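Chains as they are written, first to last, in numbering that gives the first Met the number 0: chain W, 0 to 418; chain Z, 0 to 185; chain H, 0 to 89. Written out below as structure tokens is the structure these notes cover.
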Amino acid sequence: MAQALVKPKIPVEKQVLMTVNGNEAVAYAVKQSLVDVVAAYPITPQTIIVEKFSEFVANGEVDTVFVPVESEHSAMSACVGAAAAGARVFTATSSQGLALMVEILYIASALRLPIVMAVANRALSAPINIHNDHSDAYLMRDAGWIQLFAENVQEAYDTTIQAFKIAEDERVLLPVAVNLDGFFLSHTLENIYMLPDESVREFLGGYRRVSKVKVDYFDEEVPLALNPARPLSFGNLDLYDYYFEHKVQQVEAMKSVPEVVREVNEEWFKLTGRRYGDGIMDGYGIEDADIILLAMGSGAGTMRSVVRKLRREGLRVGLLKLRMFRPFPFKDIADKLKNAKLVAVMEKGISPGSYGPLFLEVNTALYELKERPLLVNYIYGLGGRDLVPDMVENMVKGLFKELETGLVQPRLRYLGVRE
Amino acid sequence: MLIEITWYGRGGQGAWTSSNILAMAAALDGKFAQSFPAFGPERSGAPMLAFTRISDEPIEIHSMVYNPDVVVVLDDSLISPKVLSGIKEGGLVILNYTGGQEELFKKLGETPRGVKVYTTPATRLALEILKANITNTAMLGGLMKASEIVSWSSLEKAVRERFRGAVAEKNIDLIKRAYDSTVKVR
Amino acid sequence: MAQQAGWRSLPKGGVAFRLSTDYKTGDWRALKPVIDYNKCTKCMLCWLFCPDMAIVWDGENVVVNYDYCKGCGICANECPVKAISMVPEA
């Protein structure tokens, strides 16, 4: 969390100090974001978000339509319908729930619906496990959603509000998944600063404003939304004569996302005094580092605390926290990592028969460089296995020894697993 | 400075609640705070852990606490050498305990260098004031006696945020009585 | 046929950019329904059953809109007085 040099528009004294867990923080963010429709189904560790939000609905604190559905497949379907009608829409899920949603996730992004979804990250079965890793986030990697990761409870709150602004930007019009680590963030109380309601509303420009579209059968541009007065047809059959063009259009929309994420990050900084690097990634000690750890989510914080300690001991080690996994910032990543001797990609998920998905992206990013750092992949924390600071410290010290010998093999490793 | 606290309790005794109250109080004091349980299926009566971190700086670390500065034990049946594992030199241990000292140290075993041990008659006071064996707030009083980690005004405010009306006042009374009854035994 | 639009100019989200009525589906037909108005009782069942809304009420009678009738024959099948016959296209 960078400290503001310029006084933010809403200085911290005017923000509301709350001690809440990550799920409650997300629920409050949604409450403040003038959301029209929430359709969700409870699943651990996300449940508190929906539970807390339904309390707001029951108490009349929001005018949101809350749709209790019978499954996550239905939840996302209801979100698609509501968003197509022009509503600002939110849902939340985890793990198996996200897996059940997958079919509709692809539809939401292809129909260019700016839905925001919190994913309290949890391992996928089997074996059944309710604890944190990033397998569920990786499951939706190719679904066409923007994927942002929060490191702490404050960032989960901030990112949820920002997500609506990013999703609804006319240059973007894509759904956003806000990832917060199950239990490590979802069930951990931290003190955060919340904005006054009216500042959030002003930041988002009030209720969702639907962008316009030009179709042959109306003389002027019409709102890109379902409306009986100006009927549009969504979700049409689209064969080999148009499907490809529509798909490319959707894919190309991702190109605008980094710019918008950076802008929103800066705007948030001016408003609140808080920003997260450039919105896409945040480096610590990477400028002169021989070894850089790359990580997403709460684990990045634990690693940074270790990196700080090792820096004090004189080791040239740095941490690059990645906040945006989709779209993947290939060029930025290569720029940040190019001077390191070794990069360790730390991640809580693996594609069996391959590496971790994040490692593959970083590998691709570094291919563009003439001289590349060595690259290793550490899989850690599967099924909620704790990332012990000592474990990270020993790992980094071991990597420095390996650098001396120059033989850095194998590339795929596990951190914290029993042989 | 970062202070790390480990709470040992049984499901239903409210270890996480007192961890939360302490975190809320620290936040009201202008500190950064974090509170979380050692996550698992929650079962009434089963041993469980909760953790609090309090710091002047933003808290980055999101792992469990392995080297606590302070250990609080809510249930005397949990007193064993295990609760001292990883405790820092000069750390504080606050136990819900009313028996003799010789017996206590037989249960607790060797205490690491500089570790200070306090006992609080939390069960007796909780039964007397709350009419229930919920020892979490009493142990907050014991903790305050060992070290005033948070200010009294913030602690009272946090208790009043967490509980309502008469329940809040009873718990504040309990914290103060527990503070007065806590003794340093090593 | 006009040049088909590329991805840069298509409306977003795959939303339909032309009306379905622009597509005259009548040339799919092999058999066409012909109504015998001497038998027709104006019960409107053909109008109700037509899946393409190709049978319309002109104010006095049901008539077939041959621009869109695909010749499926449902109307002939459903007609209770056998007033509709399917005849080969000339």
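Heads up, the beta-carbon is just placed ideally off N, CA and C, and yes, glycines get one too. All values reported here derive from a predicted model rather than from experimental measurement.
**OP:** List the residues of chain W whose Cβ lies closer than 8 Å to the Cβ of residue 19 (chain Z), in chain order.
**Re:** 18, 188
Original post:
For the candidate residues W:213, W:100, W:204, W:229, whose alpha-carbon lies nearest to that of residue 10 (chain H)?
Top reply: W:213
Subject >> Expected contact under 8 Å - CB spacing of residue 446 (chain W) and residue 205 (chain W) to nearest Å >> reply: Outside the shown range of chain W (0 to 418) lies residue 446 (chain W), about which nothing can therefore be said.
Subject >> Local conformation of residue 310 (chain W) per DSSP, three classes >> reply: helix
**OP:** Over the uninterrupted alpha helix (DSSP H) stretch that includes residue 377 (chain W), give me the two end residues.
**Re:** Segment 373–379 is the beta strand (DSSP E) holding residue 377 (chain W); no alpha helix (DSSP H) there.
Original post:
Interface residues of chain W around residue 33 (chain Z) at Cβ under 8 Å?
Top reply: 187, 188, 189
**OP:** Answer yes or no: does any C-beta atom of chain W fall closer than 8 Å to that of residue 16 (chain Z)?
**Re:** no
Original post:
What span of residues does the beta strand (DSSP E) with residue 319 (chain W) cover, start to end?
Top reply: 316–321
Original post:
Since residue 235 (chain W) meets chain H, which of its residues come closer than 8 Å, beta carbon to beta carbon?
Top reply: 13, 14, 15
Original post:
Secondary structure at residue 76 (chain H), three-state DSSP: helix, strand or coil?
Top reply: helix
Subject >> Cα-Cα separation between residue 86 (chain W) and residue 64 (chain W), rounded to whole angstroms >> reply: 10 Å
Subject >> Against chain Z: residues of the segment 295–307 of chain W by CB proximity under 9 Å >> reply: 296, 297, 298, 299, 300, 301, 302, 303, 304, 305, 307
Original post:
residue 147 (chain W) and residue 322 (chain W): beta carbons closer than 8 Å?
Top reply: yes
**OP:** List the whole-angstrom C-beta distance separating residue 377 (chain W) from residue 319 (chain W), where the pair is believed to meet the contact cut-off of C-beta under 8 Å.
**Re:** Incorrect: roughly 14 Å between the Cβ atoms, too far for contact.
Original post:
Counting only runs that start and end within the segment 125–203 of chain W, where is the alpha helix (DSSP H) found for 4 or more residues in a row?
Top reply: 134–138, 152–167, 196–203
Original post:
Secondary structure at residue 66 (chain Z), three-state DSSP: helix, strand or coil?
Top reply: coil
Original post:
Can you tell me whether residue 372 (chain W) is buried or exposed, with buried defined as 16 or more other CB within 10 angstroms of its CB?
Top reply: buried
**OP:** Taking only beta-carbon positions, decide if residue 262 (chain W) is within less than 8 Å of chain H.
**Re:** no
**OP:** Could you run through the segment 64–87 of chain Z and flag, in chain order, every residue whose CB is less than 7 Å away from some CB of chain W?
**Re:** 65
Original post:
Are any of the Cβ atoms in chain H nearer than 8 Å to that of residue 248 (chain W)?
Top reply: yes
Original post:
Mind listing which residues of the segment 91–112 of chain W have their C-beta closer than 7 Å to chain H's C-betas, in chain order?
Top reply: 109, 110, 111
Original post:
So, is residue 37 (chain H) buried or exposed, given that buried needs 16 or more other C-beta atoms within 10 angstroms?
Top reply: exposed
Subject >> alpha helix (DSSP H) segment containing residue 366 (chain W), residue limits >> reply: 356–366
Subject >> Minimum Cβ-Cβ distance from residue 417 (chain W) to chain Z less than 8 Å >> reply: no
Original post:
Which residue from Z:142, Z:88, Z:86, Z:68 puts its Cα closest to that of residue 14 (chain Z)?
Top reply: Z:142
**OP:** Return no unless some Cβ of chain W is closer than 8 Å to the Cβ of residue 56 (chain H).
**Re:** no
Original post:
What residue does the beta strand (DSSP E) around residue 281 (chain W) start on, and which one ends it?
Top reply: 280–283
Original post:
Nearest-angstrom Cα distance between residue 216 (chain W) and residue 117 (chain W)?
Top reply: 38 Å
Original post:
Taking DSSP as the reference, what is the three-state secondary structure of residue 249 (chain W)?
Top reply: helix
Original post:
For the segment 276–289 of chain W, which residues have a beta carbon sitting closer than 8 Å to at least one beta carbon of chain Z?
Top reply: none
**OP:** Can you grab the Cα-Cα spacing for the pair residue 59 (chain W) / residue 51 (chain W), in whole Å?
**Re:** 13 Å
**OP:** Would you list, in sequence order, the uninterrupted beta strand (DSSP E) runs of no fewer than 3 residues that lie entirely inside the segment 10–49 of chain H?
**Re:** 30–34
Subject >> Host beta strand (DSSP E) of residue 116 (chain W) (start-end) >> reply: 115–120
Original post:
Should residue 61 (chain H) be labelled buried (16 or more other beta-carbon atoms within 10 Å of its own) or exposed?
Top reply: buried
**OP:** Locate the alpha helix (DSSP H) running through residue 332 (chain W), then write down its first and last residues.
**Re:** 329–336
Original post:
Do you know offhand how far residue 290 (chain W)'s Cα is from residue 62 (chain Z)'s?
Top reply: 22 Å
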